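Mature numbering (1 follows the signal peptide of the UniProt record, and there is no 0) puts the sequence shown at residues -30 to -1, 1 to 321. Ideal Cβ placement from N, Cα and C applies to all residues, glycine included. No experiment lies behind these values; they were computed from the predicted model shown. Below: the structure, in structure tokens.
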Amino acid sequence: MKRTTKRPLLAGMVTAGLLCSTLVTTSATAQGSPHKTAVPSIGPALATMLQHQKAAPAKSRAAITSSANDLTGDGIDDVIARDRVTTRLDVFAGSGSLNGAATLAGPTQIRASTPDRVWFGQGDLNGDGRNDVASIDSAGVMYAAYNQGTVAGAPQLSADASFISGFTPGSPICLADFVGSDPKNPLEPDGRADIIIKNASTKAIDLYVNDGMVNGKPSYSYRGQLLTAADYVTGIQLADLTGDYFKDILITMSDGTLWMLDLFADVDSSGKPVAKWFKIIGSGMNTADHILFPDFNHDDYPDFAARLTASGELRGVLHSGVWNPAKPETVFNAATGQLIKSGWSNYDWVF
């Protein structure tokens, strides 16, 4: 179960705009934005999933809320970055607390070069319980570098192996364990990283489920459209902000807002879940080129981090430990916002 210990407030505030949000109704149209946008609609695949009515019991789902970005295998989330000049991959190991520059240790090199890559992500591709590194090249081919454990604290990655193609470079994509491969029990994640991606042609958010290893490679099956009319979506993430032990869908929009879809926000007259959108951050997201939801302080709640494009700073803020649907903007504790790393303009990917 999640811890309830109160955390002390840390000095400092997140850069103006990153935590500036206003309460918004669940209407599909964003209010008070620089230009008119609309959040996506529920797609047929998500509607089918919600027919299963509720997520699995918390005791069997606790692992999904923590260690989602743990490459080193110590149970604490880490951050990986790619050098834009050398294309080297570095890992910054999490310390277990949000404490300024001491939040992340390192860097430790885990790959000398990663040429011709336009996207990176981490997740358990082969189901062995360790996070692997995925990447996509300029031709739209995805590769897996399997995590083979650590030596002297440094994760060892296998050589890249291609396993799926057809991606549109630049289209928003998320790699994370979202659902299970059993279509009769989709709300029970299986530990394997699924793919959620915006279709450049249909403007829908599509779901590809990891069905396990076939002939030595991860096998994915298309499960349909999670969301439709995602024209204004610029980024996709998954994180359990609400504390219900099921990952919420988070999207950034072209107007600089961050929205969250709570799949179990309400129930209808027949007892079926009703998903609702909440605006988490009201502006400023388009000043960051990479955002993450690692659990910095190891309390089972996903925190928030953003690499600011102009300054190259990586800044973080802690989850408040409380989800209040009447005040969604308070899910992150602004008083804990602080600088984690400076001078990160040399990295072109942070994940």
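- The bridge partners DSSP lists for residue 61 are 50, 78.
- According to DSSP, residue 246 shares a beta bridge with 232.
- In this structure residue 206 is not in contact with residue 190, their Cβ atoms being roughly 16 angstroms apart against a cut-off of 8 angstroms.
- Going by DSSP, residue 19 is part of the alpha helix (DSSP H) stretching over 14 to 20.
- In the structure shown, the three-state DSSP call for residue 169 is coil.
- Taking all protein chains in view, the Cβ of residue 192 is surrounded by fewer than 16 other Cβ atoms within 10 Å, so the residue is classified as exposed.
- Looking from the CA of residue 222, the closest CA among 138, 200, 78 belongs to 200.
- Cβ contact annotation for residue 77 (same chain, cutoff 8 angstroms, sequence separation greater than five): 51, 60, 61, 62, in chain order.
- For residue 125, the three-state secondary structure derived from DSSP is strand.
- Judged by their CB atoms, residue 135 and residue 170 are not nearer to each other than the 7 angstroms cut-off.
- Counting along the chain, the unbroken beta strand (DSSP E) around residue 189 starts and ends at 187 to 198.
- Residue 15 is a Cβ neighbour of residue 195, given a cutoff of 7 angstroms.
- Ranking 6, 180, 23, 89 by CA distance to the CA of residue 236 puts 23 first.
- Inter-residue distance for residue 122 and residue 42 is about 10 angstroms (C-alpha atoms, whole angstroms).
- In the assembly as shown, residue 105 is a buried residue. Its beta-carbon has 16 or more other beta-carbons within 10 Å.
- Burial check for residue 172: the Cβ neighbour count within 10 Å stays below 16, so the residue is exposed.
- Per the C-alpha coordinates, the member of 204, 86, 209, 145 positioned closest to residue 95 is 145.
- Here the C-alpha atom of residue 99 lies approximately 27 angstroms from the C-alpha atom of residue 110.
- Exclusion of the five residues before and after residue 179 leaves 149, 151, 164, 190, 191, 193 as the residues of its chain whose Cβ lies within less than 7 angstroms of its Cβ.
- For the pair residue 161 and residue 91, the CB atoms are not nearer than the 7 angstroms cut-off.
- An exposed status is given to residue 54, since fewer than 16 other beta-carbon atoms sit within 10 Å of its beta-carbon.
- For residue 277, the enclosing beta strand (DSSP E) stretches over residues 274 to 278.
- Here the stretch 222 to 234 lies against the stretch 249 to 256, with 3 or more beta-carbon pairs under 8 angstroms apart.
- Closest in alpha carbon position to residue 137, among 167, 114, 130, is 167.
- Our two residues, residue 124 and residue 79, have alpha carbons roughly 8 angstroms apart in a direct line.
- A residue is called buried once 16 or more other Cβ atoms fall within 10 Å of its Cβ, and residue 311 is buried on that count.
- Within its own chain, the residues whose Cβ lies closer than 8 angstroms to the Cβ of residue 182, once the five positions on either side in sequence are excluded, are 97, 151, 162, 188, 189, listed in chain order.
- Around residue 174, the same chain offers 13, 195, 197, 198, 200 as residues with beta carbons nearer than 7 angstroms, after the five sequence neighbours per side are excluded.
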